[in-house]
Structure formats: C-alpha cells, structure tokens
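Report on the following structure.
In our numbering, the protein residues as written are 45 to 786.
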C-alpha cells in the first residue's frame, strides 16, 4: 500500500530560486504547477497514486535541472513504483515517455499535432516519406489530419512506447502521424472517390490497435523503396554459386526487415565427395554457421536482430550434428546459436518411430549421383518408394550412410527441444498434401514463424529488374515490359528448377522497384537489354554449355552465354497472315527510300519496273488519300525522276500531309541510311500488317542466295546500313517463328 502524501510533501521550500533549462536551451523559473499537470495527465484513469509520483520527483529538483531530466525522473519514479499489485505504473511511465517525445518534436520542428499536411511536405522534402503520399491533394491531407486523435498515444505501456519511438518512428515523426501515413498509403490503390473512406477505416483500426502491422510494413511502408514483405523462404543447391548466392539474398532480405527460411537438404553431408575426393565435405553445419553470422551482421534495418530459420530433412546424414548445433558442449567452431533450427519430418519417419524400426540417414549427393534422384524434392508415396530403393542399395550404390533407431532419434530431437527449445518440426507430407500448387512444385519447409509456406527451389526467389522500355515477347508479339502487366509472356522452361525446356506462357506481374542504376547489356546478335545490377540472367556454362545457373548482371562476364526469349515457332496470333500492297509499299519505302525535311522518296533500280509500277501506284493512292485526312498543308504533287547515269528511278513528293500520315500511322520520321528503324508503332501492328511491311522491305533490300555453309538450303538475307533496323526486323521475324541473326 502506497503512503498517502499531501501535495506539499517533498517540495523544496526555495522553489523560487530553482532555474530550469528548457529543451530549447532557454532558462526559466521552476513551475511546480506544470509538473503537477503532467503527472495528472499521465495518471488519469489509472489505479495509481499521482501524489506519490509527484513527491518522488520533487525531491530530485535542483538549480539548473533540465526539463528533460525532470521528465526522465518522472519516468524512473513511475517504473520504480511498478509492481504486480500496482501494474498500472507501467502505463503511466509509457505516457510520460510519449509526453517527452511530443516535447522533443515540438522543440525540433516547431509544432506538434495539428498540421499533418505540413508534416507530409516536410518529411517528403527530407526524403523520409515516399513521394506516393503526394498522390493525395492538400485538401485530402488536411481532411485526413483532422482524424488524428492524440489521446490514442496514451494506450502504450513503457516498453511499447520505447519500442515504438526507437524502432518504428522516423526522425521528427509522431505516432499518430506514422499510423495515418501508413493508412493513406494502404488506401492509395483505391479509387480517388473511395480512398479517403478506406484510409480512415485503416487509420482507426491501426491507431486503436485493432490490427497490428508487421514490422516491414510499419517500418517501411512510408519510406522510399521500402520492402513490405515479412517472410521469405529460399533453398540452397549443392554448389558454391547457389550457396553464396543465397547468403547474399539472405543478407539483402534481412537488410530490408525480412525473416528468412533456408532449406539446406540438398547440400552434401559430412564426409561426402568433393571433386571426386572422398571424405572432403564439411557437411551442412559450416554453411549454417555462415547464415548464423549473416543474421548477426545484417540486422533488420537496425530495428531488430536478423532472423533466419534453417531447415533440413530428417533423412540427411548430418541430422545428429544438426541437433547438437546449439548445445554448449562440443566444437564451438561448429555451433550456430543465432539461427532457428527446423527439422522437416516425413510420415514414413513417424511410422518407424511408432513401430521402433530402423531409419537410414544418407548423403543427398551420393543419392543424386548414383540413383539419379533429388531426395529433397520428394514427399509422400514417391519419397517412400525411393527411400525403400535406397535401403535396397545399401553397401552397393549407397555407401555413405548411418543406420539409427527411429524412436531413439526422435528422443534426441525431444531432448534438444527440452535443452534449447529447438528444433521446431515441419511435417512435409501434411504440408504438401494441402498444397494447392502441387502442379508447380513442392514445399520444402516452413517460414520463420511457421504460419506460411510456399513452393521453393534454389534460384526461384529470383526477381526481374528491367527498365520500363525493355521488350518482352508476349502472345501479341514484342511489347514494352511496362505494358505487360497481366499479359501472357513467353517462358522457355518449366517452373521446376531443372530448366526442362518446355515453352509455355505465364502471366506477368509488374512491381515498381523505384529508381536504381541501370546498365546496358549488349549481346552478340545485336540485341541490347537494360537492367539493374541485381537482375538475374540464366547463363549456360560447362562442357558444350550443358549446364545453366542464375547470375546477376553484376556477375556476368564478357563472353558468357545467356538464355534469352526466342520463339522457335510462330506466336498464336502469327500463324496465318495475308499481305496487302498498302503496307508492302511502306516497307519498300523503309528499305529503298528516304524521309528528309524537304522531300520523301522511293528508289527503283533499272531492272525493277514491275515493282515500280506496283509501288508507285500504291504510293499515289496513299498520297491522294492524305489530302482529306489532315488539315495541314496539302500542296505537293509526286514526281518520277530518272538518274540518266545509273538508270535509277525515284518517286518523290514534298507533301506535308503525306509526311504527317507516315508519322502518325507508322511512326516514321526523318531518317535515311544508318538511322532507319521500324519502331514500336510498326511492331505493335496486327500480324497481317507487319508481314506486309516485311514483305516490302525484303523485296526492296533483300536477296536469296545459297552459301556453301548452308548445306544447300537457301538463305534469305536483308542488308542495311542501320543495325537498329536489322534488330527490329529480327524481333518481328521471331514472332513468326523465323530465327535470324544480325
């Protein structure tokens, strides 16, 4: 029971002589009434004795004390009086911490709550808020600011208030401002007419703690280029490229606030072969230790420690050492105390535990090499069948193994759980039976929190970082990637991680990755690709380029062989096409013509009278039609000129409306020789029209010949001074299933 004190107990008699230093650095006389007001505010509606708190702090007053020291003393006094019987003191301390935060913000930026629109402007200019918040108008931000209720800041105990201010609030930001900004950004995807309605609902639910935002969302949603994902699952393959690639991915994920689950079941066991040398592998533990140290070194944006769970299947030969990985005894160099171990359990193992049968621990590398099976990918009946095959091959094809009693091994698991709290268990067969995406792969284990899981294979967590104008092969032909959201794009391999060559279509999903440095990759066939340094390409390597692996653009070297989109058959809309003379004539113009400031013309050799008659007739028809389509200058009659020296005939016009027609209908502008191109407008035309333009272009500048290296097959060739034009033609031909090189 707290002693009941009078308001004057403990107050120094000479308070008039005590000077207090305010947060702005200016001195002022001590005002006990202000202290009492803060104490009363902090204690309202709580089962505590406010006079006891006031008395506790006034005994610590002295001349020259700062207002911050007074506030800290109030907090410390409240915490000292906290007990099981009077637990409300922790809420009083939390309110006092929030009060101190309010005062700090006011001292630094000049105002507290009350001008949310100004706060948004200030934080955006300081690059603290994502500029997406500016999709809201000043009026909308002002209205949203009117929803803020500072009283909701009083709902935190001391631990919660400290955690909020230190880990989640940005510099010079108040709690309700953070919640409101998150709510507005969450609602920004709604229609302009409805987004404020949803933003208010989100704000009230967040601020009143009816919903809890995950750390990456609360910390990163309002900052530029922030990652909003909490949980990631990856898998390491049995090679250095994959292992160190996943270590890098784990570091990047942790940097942005994500927890990571890493499956290591494919990695060869201790004593396995390395470059055909036996007993050379150190097993999975050294790699787990690297993951452990990565989690320590790369914390989650400074807000909390890195979090990594490492999973391994129960049949792996290194399971016994895996269980000892966090005990105090043994070689400390093979310990990993900061990861969360996870065992992936098969139903067959649990049946053998129940029946007290033997269980065989094996090396995945030996199984893969001698039986041709990736054991980590199997579950259910397929796993059971292969496991029986392994048992039948013991001491023949399978030599590196250990036989244990399943029940005794399960006891070791429970002993480790009793001593260290780990490992936690993931029942692989149960998870995969419930997997709605069995057709796309399998689930190797669970995430850090065990509440979600996804299909994962080494490399499948890779993502695409291309510039908006990058061309992607869709069912409609080559299109800029910025136009491909929700469209079907060509994928040359099955999504099974084994790169099985099966061409199929998958729906593209575009994500804005913000502003990053972009590099241009130039391929030998003349194609260029613009991407960020961390964009991953599929690279062929090894003898006769038989193997494939993922490398980032930063890791690619000159001479590497990349897999790129190529259609080996006609796209669905390009199977059957017809030709029209109108577009064919434009194709001839592109090939053997010019577009200059003063004239537009088409050339014909002395032997091309048939083409001259057809093309000129069509050009004259187009020329006349343009008179009625445009309101610009219409004068200019086409002429036929003949070069007496060479015999070359030219159709020439200077009609402005004809020039405008070529620009608006085909995207053709002033160009000759090396600056010619087809352009995006032509490449987006219907297949019939593209085929007609190519027909005219090849008729003008193409040829058919039979070189010695072609094995008597004729070769169609197009020549041009413009490499960009040839690249455009190559892309268009690919849509018809015609491979070509520049």
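Note that CB positions come from ideal geometry on N, CA and C, so glycine has one too. All figures in this text were calculated on a predicted structure; none of them were measured in a lab.
- Query: Buried or exposed: which applies to residue 645, given that a residue is buried once 16 or more other Cβ atoms fall within 10 Å of its Cβ?
  - Reply: Numbered from its first residue, the chain shown carries residue 645 at position 601. Buried is the call here.
Using the rule of at least 16 other Cβ atoms within 10 Å of the residue's Cβ for burial, across every protein chain shown, is residue 516 buried or exposed? Counting from one through the chain shown, the residue named residue 516 turns up at place 472. So residue 516 ends up on the buried side.
Simplified DSSP state of residue 449, which is helix, strand or coil:
Mapped onto the chain shown, residue 449 falls at position 405. The answer is strand: DSSP assigns residue 449 an E or B state.
Worksheet entry | Under the three-state DSSP convention, the category residue 604 falls into | Here residue 604 corresponds to residue number 560 of the chain shown, with the count starting at 1. Coil, per DSSP.
Go through its chain and collect everything with a Cβ distance to residue 255's Cβ below 7 Å, but skip five positions before and after it. What you label residue 255 is simply residue 211 of the chain shown in a count that begins at 1. Correct list, in chain order: 249.
**OP:** Pick out the complete beta strand (DSSP E) segments inside the region 278–358, 3 residues or longer, and give them in chain order.
**Re:** 303–307, 352–357
- The alpha helix (DSSP H) with residue 487 in it runs from where to where? Within the chain shown, the letter at position 443 stands for residue 487. Neither: residue 487 is in no alpha helix (DSSP H) and is coded neither H nor E.
According to DSSP, residues forming a beta bridge with residue 576
What you label residue 576 is simply residue 532 of the chain shown in a count that begins at 1. The partner list for residue 576 (beta bridge, DSSP) reads 562.
When the Cα atoms are used, what is the spatial distance from residue 326 to residue 150? For the purposes of this step, residue 326 is identified with residue 282 of the chain shown, where counting begins at 1. For the purposes of this step, residue 150 is identified with residue 106 of the chain shown, where counting begins at 1. Roughly 58 Å between the two C-alpha positions.
Query - Inter-stretch contact (C-beta, 8 Å, three-pair minimum) for the region 204–211 and the region 159–176 - result: no
**Asked** Helix, strand or coil for residue 132 per DSSP?
**Response** What you label residue 132 is simply residue 88 of the chain shown in a count that begins at 1. Note: residue 132 maps to coil in three-state DSSP.
Original post:
Using the C-alpha atoms, what's the distance from residue 387 back to residue 288?
Top reply: Position 244 of the chain shown holds residue 288. Position 343 of the chain shown holds residue 387. In a straight line, the C-alpha of residue 288 is about 22 Å away from that of residue 387.
*In chain order, which alpha helix (DSSP H) runs of at least 4 residues are fully inside the region 71–156?*
76–87, 94–102, 111–124, 133–153
Please go through the same chain and pick out, in chain order, the residues whose beta-carbon is closer than 6 Å to the beta-carbon of residue 732, but skip the five residues on each side of it.
As a working note, residue 732 is residue 688 in the chain shown. Contacts found: 621, 622.
Margin query: For a quick check, are the C-beta atoms of residue 278 and residue 308 less than 8 Å apart?
Written below: What you label residue 278 is simply residue 234 of the chain shown in a count that begins at 1. What you label residue 308 is simply residue 264 of the chain shown in a count that begins at 1. The answer is no: Cβ separation not under 8 Å.
> Do the region 755–775 and the region 712–727 touch if we need at least three Cβ pairs shorter than 8 Å?
Replying inline: yes
Sub-8 Å separation of residue 311 and residue 337 beta-carbons
As a working note, residue 311 is residue 267 in the chain shown. As a working note, residue 337 is residue 293 in the chain shown. Cβ atoms of residue 311 and residue 337: not closer than 8 Å.
- Query: By Cβ distance, which residues of its chain are closer than 7 Å to residue 664, with the 5 residues on each side in sequence left out?
  - Reply: For the purposes of this step, residue 664 is taken as the residue at position 620 of the chain shown. The residues are 682.
Review point. Exposed or buried, residue 101, counting other C-beta atoms within 10 Å across all chains shown (16 or more means buried)?
Key: Position 57 of the chain shown, counting from 1, holds the residue named residue 101. Per the 10 Å Cβ criterion, buried.
For residue 179 and residue 91, what's the separation of their Cα atoms in angstroms?
Numbered from its first residue, the chain shown carries residue 179 at position 135. Numbered from its first residue, the chain shown carries residue 91 at position 47. Roughly 45 Å between the two C-alpha positions.
Report all residues from its chain with a CB closer than 6 Å to the CB of residue 672; omit the five preceding and five following residues, and keep chain order. Locating residue 672 in the chain shown gives position 628, counting from the first residue. Residue placement at residue 672 cannot be trusted, given a pLDDT of 39 that sits under 50; what the coordinates show is reported in the next sentence. Cβ neighbours of residue 672 beyond the five flanking positions: none.
For residue 749, the residue or residues it bridges with in DSSP: Start at 1 with the first residue of the chain shown, and residue 749 comes out as number 705. DSSP, once it has assigned bridges, lists 759 as partnering residue 749.
Sequence-distant residues of the same chain with beta carbon closer than 8 Å to residue 456, five excluded per side
As a first step, residue 456 is located in the chain shown; it is residue number 412 there, counting from the start. Result list for residue 456: 364, 367, in chain order.
- prompt: Since residue 409 and residue 316 are thought to touch, with beta carbons under 8 Å apart, how far apart are those beta carbons, to the nearest angstrom?
  reply: Numbered from its first residue, the chain shown carries residue 409 at position 365. Numbered from its first residue, the chain shown carries residue 316 at position 272. So it is a contact: roughly 5 Å between Cβ atoms.
CA-CA distance, residue 375 and residue 471? Within the chain shown, numbered from 1, the residue matching residue 375 stands at position 331. Within the chain shown, numbered from 1, the residue matching residue 471 stands at position 427. Distance between the alpha carbons of residue 375 and residue 471: 30 Å.
- [ ] Return the chain-ordered list of same chain residues with a C-beta closer than 7 Å to the C-beta of residue 441, the five sequence neighbours on each side being excluded.
- [x] As a first step, residue 441 must be located in the chain shown, where it is residue number 397. If we look at residue 441 and ignore the five residues flanking it on each side, its Cβ neighbours are 414, 415.
Notebook entry, point to check: Counting pairs of Cβ atoms below 8 Å between the region 417–434 and the region 468–486, do you hit three or more?
Noted result: yes
_Three-state secondary structure (DSSP) of residue 696_ = As a working note, residue 696 is residue 652 in the chain shown. Three-state DSSP puts residue 696 in a strand.
query = In the DSSP assignment, what residue or residues form a beta bridge with residue 550?
reply = Within the chain shown, residue 550 is the residue found at index 506, counting from 1. 533.
* **Beta-carbon proximity list for residue 94, same chain, < 7 Å, skipping 5 on both sides** => Counting from 1 along the chain shown, the entry for residue 94 is found at position 50. Contacts found: 83, 84, 87.
Would you please state the rounded distance, in angstroms, between the beta carbons of residue 354 and residue 385? I believe it to be under 8 Å. The residue you call residue 354 lines up with position 310 of the chain shown. The residue you call residue 385 lines up with position 341 of the chain shown. With 8 Å as the limit, residue 354 and residue 385 qualify as a contact, their Cβ atoms being about 6 Å apart.
*In this structure, what does DSSP give as the bridge partners for residue 683?*
Indexing the chain shown from 1 puts residue 683 at position 639. Per DSSP, 696.
So the beta strand (DSSP E) residue 407 belongs to, where does it begin and stop?
Residue numbering aside, residue 407 sits at position 363 when the chain shown is read from its first letter. Element bounds for residue 407: n/a, residue is neither H nor E.
Would DSSP call residue 420 helix, strand or coil?
Here residue 420 refers to the residue found at position 376 when the chain shown is read from its first residue. Reduced to three states, the DSSP call for residue 420 is helix.
- residue 226 beta carbon less than 8 Å from that of residue 284: Here residue 284 refers to the residue found at position 240 of the chain shown. Here residue 226 refers to the residue found at position 182 of the chain shown. Not in contact: residue 284 and residue 226 (Cβ atoms no closer than 8 Å).
task = May I have the straight-line CA-CA distance separating residue 396 from residue 478, to the nearest angstrom?
result = If you number the chain shown from 1, residue 396 lands on position 352. If you number the chain shown from 1, residue 478 lands on position 434. Cα to Cα, residue 396 sits roughly 23 Å from residue 478.
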